[in-house]
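Reading through the structure tokens given below for one structure.
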Amino acid sequence: MMSNQALISGLKNIVGHSWVHDRASESAAPYLERFGFSPVCVVLPANTEELETIIKSADKDGFSVWVLPNTAGNGGLVGSSDNDKAVVMLDLSRMNQIIDVDPDAAYALVEPGVSYQQLYDYLQDKHPNLWIDCDRNSQHSVAGSICAREYGYTFYGDHFFMQCGMEVMLADGNLVRTGMGSLPGNNTWQLYKFGFGPYVDGLFTQSDLGIVTKIGLWLMPAPAAYQPFMVSLPRLEDLSMAVELMRPLKINMVVGNTVIISSPAMDAAPYQRRSDYIENGAVDEGALKGSLNLGQWNLYGAFYGSEKNVEAMWSTLEPALKLIPGAKVFKRGERADDKVWQNREKMMRGVPVEGMDNIVNWQGDSVLSLSATAPLAGEDSLKLQQMVSSILSEHGFDYLCEYALAMRSMSKRINLPFDSRIDGSREQAEKCLYELATRLSNAGYGITHISTGYLPVALEGFKSGGLVDLQARLKDALDPKGILAAS
16 MMSNQALISG
26 LKNIVGHSWV
36 HDRASESAAP
46 YLERFGFSPV
56 CVVLPANTEE
66 LETIIKSADK
76 DGFSVWVLPN
86 TAGNGGLVGS
96 SDNDKAVVML
106 DLSRMNQIID
116 VDPDAAYALV
126 EPGVSYQQLY
136 DYLQDKHPNL
146 WIDCDRNSQH
156 SVAGSICARE
166 YGYTFYGDHF
176 FMQCGMEVML
186 ADGNLVRTGM
196 GSLPGNNTWQ
206 LYKFGFGPYV
216 DGLFTQSDLG
226 IVTKIGLWLM
236 PAPAAYQPFM
246 VSLPRLEDLS
256 MAVELMRPLK
266 INMVVGNTVI
276 ISSPAMDAAP
286 YQRRSDYIEN
296 GAVDEGALKG
306 SLNLGQWNLY
316 GAFYGSEKNV
326 EAMWSTLEPA
336 LKLIPGAKVF
346 KRGERADDKV
356 WQNREKMMRG
366 VPVEGMDNIV
376 NWQGDSVLSL
386 SATAPLAGED
396 SLKLQQMVSS
406 ILSEHGFDYL
416 CEYALAMRSM
426 SKRINLPFDS
436 RIDGSREQAE
446 KCLYELATRL
456 SNAGYGITHI
466 STGYLPVALE
476 GFKSGGLVDL
486 QARLKDALDP
496 KGILAAS
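Quick note on my numbering: the sequence shown kicks off at 16 and runs consecutively.
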């Protein structure tokens, strides 16, 4: 096996000296501070040719590559690499071409380095009648978010469902185009998802089976009318009634967007400091809610469609929402000086918002997170709330959580901000993360997302059904040498 210095020198010959950051250099520090391991270096290829050369060098020279999450086109969650190998971190942010936008068929084809903000700005300039759907971070890779199966906030909130066609580099350096993209001269690569035979796109989401180098996504035509709404609910038990009220509307796609039900601390986190609300050693939740005009739960949804349809749907829903005792209902144009509501409303019409993902603003400098899925049912929402709040309290964490209501299920995202500069704080967050994952899985609420580096925790609950074994067999078939490292 070659020395690290020889490895770095070889990579510089491939991409240029400016695009390889030795782990000891200042330029590598922003990368290394985010993750729990120290790669030999960080490399930024500019195109698939450079990426292919790197992958083939990894095979020849005996190192693994690990793709930086949320700046690139894979999810990095299946299998594991050979622990004895040196690891090179790949940042695909230079591969940032918007290859095609079809305004009539409403789709885009992009490289993995394209961010939500970049795609939004491009569409605003050239095709303002098309909306994107973004996650909480405006700088996240579009491909990375799709491949991590993140959710957004518009009618197109299921990012993977709205994906169509991929180009993927396998561990041997070969390129594969999925779906209709493998047909020479095809004209439906971004229009028809499946091609012929087994559907394989899903293999490359939350996965280290390949690196996505191009991805297609459907864009949302701007609706004739749009009515966002916010509902503040005063009591903990109102959560169940709100979920039950929304369930038939979600199943029937009357409320088509990803409806969010958020805790006050979760809403406040990007904008407020925990230290400003401490009373007798704990957060004064009453003061927090009062200063931001928030409820015990805060629900965000939207209607899209023709003016008549939106007006009719709203005239039916608004009175039903007000049947929840103490509920306060707000529409677009109200709460004009409220940053929480204004930014939530922007995301529900596909506008990226700077800083919405800044959970550590609440406390510390780091955060661990996980998500679990549950039936779209009031009983489950309360069961989850009680279980999670109890665990968080036991470990000394605030309730920074939100529910994302999809068509027939709901996801509960849990955040654990901490200060890595304080001894033992990461370990405390890890203990809480482990207990949350274990108890949620044991209760039947499967983990769907987890912070980088905690893959085994998420997979533990899936071992009995044969899924983990199947994933390992796929890894052995597609990447027997462990060229692509997991996270």
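Heads up, the beta-carbon is just placed ideally off N, CA and C, and yes, glycines get one too.
C-alpha distance - residue i paired with residue j, whole-angstrom precision
i	j	result
P243	K346	6 Å
G320	Y122	19 Å
Q443	P127	34 Å
G379	L198	51 Å
N358	I374	15 Å
L59	Q205	27 Å
G194	C179	8 Å
E322	L489	49 Å
E360	I29	45 Å
M425	N308	25 Å
T169	S108	25 Å
Y460	S404	15 Å
E445	D115	42 Å
S435	L336	42 Å
V325	W377	36 Å
L145	I437	46 Å
L138	A61	23 Å
K71	R38	22 Å
G393	M402	14 Å
L134	N272	20 Å
D76	M17	7 Å
L260	A43	49 Å
P236	D140	15 Å
L499	R164	19 Å
Nearest residue (CA-CA) to residue i, options the options
i	options	result
V298	L59, R441, G411	G411
G172	I147, C162, T463, A120	I147
I226	L431, V82, N144	V82
L124	V325, A163, M177, D150	M177
D353	K304, T388, A458, E394	K304
V274	L264, A280, M281, A283	L264
G25	N308, V55, V366	V55
G503	S108, V325, D413, D282	Limits of the chain in this structure are 16 at one end and 502 at the other, which puts residue 503 out of reach.
I339	N313, M328, M362, A43	N313
I429	A421, R262, C447, I437	C447
A231	A351, K208, R250	In the sequence as displayed, the identity of residue 231 is Gly instead of Ala. Nearest of A351, K208, R250 to G231, Cα basis: K208.
S479	E349, G271, D282, S456	S456
G217	L234, P238, H174, R262	H174
L385	E417, L397, G370	E417
D282	G370, L474, T463	G370
Expected contact under 8 Å - CB spacing of residue i and residue j to nearest Å
i	j	result
Y241	R364	6 Å
G468	F50	6 Å
S79	V102	5 Å
E67	G188	5 Å
S255	G310	Incorrect: roughly 14 Å between the Cβ atoms, too far for contact.
P432	V382	5 Å
A452	V472	5 Å
G159	P84	7 Å
A280	D494	Incorrect: roughly 41 Å between the Cβ atoms, too far for contact.
L415	S278	7 Å
N152	D372	4 Å
Residues near residue i in its chain [Cβ-Cβ closer than 7 Å; skip 5 each side]
i	result
K27	V35
R423	I266, L391
F219	N89, C162, M181, V183, G225, V227
M328	V269, F318
D395	A389
A284	I374, N376, W377, L415
L47	R38, S53
Proximity test, residue i beta-carbon vs the ligand ADP heavy atom, cut-off 7 Å
i	result
Y168	Ligands are entirely absent from the displayed structure, and the ligand ADP is therefore not among its contents.
Contact set for residue i: own chain, Cβ-Cβ below 8 Å, skip 5 residues either direction
i	result
Y449	V472
G210	T193, G194, M195, G196, S197, L198
A302	Y292, E294
F52	V102, G468
L190	T63, E67, E182, V183, M184, T228
Sequence-distant residues of its chain with Cβ nearer than 6 Å to residue i (five each side left out)
i	result
F477	V483
Y286	K354
D97	Bear in mind that a pLDDT of 45 at D97, under 50, signals an unreliable position, so the model cannot answer this.
M245	Y315, F345, W356
T203	M195
M110	E126, P127, G128
3 or more residues per run - each beta strand (DSSP E) lying fully within the stretch 414-456:
415-420, 424-433
I'd like the ranges of any beta strand (DSSP E) spanning at least 3 consecutive residues and lying wholly in the stretch 260-284.
274-277
Secondary structure, beta strand (DSSP E): runs of 3+ residues fully inside the stretch 300-345:
Along the stretch 300-345, the beta strand (DSSP E) occurs as fully enclosed runs of 3 or more residues at 312-320, listed in sequence order.
Can you check the stretch 150-238 for any beta strand (DSSP E) of at least 3 residues that lies completely inside it and give the ranges in chain order?
178-184, 190-192, 226-233
Ranges of the alpha helix (DSSP H) found wholly within the stretch 45-131, counting only runs of at least 4
63-76
Taking the runs of the alpha helix (DSSP H) that are 4 residues or longer, which of them lie wholly in the stretch 337-413?
354-362, 393-410
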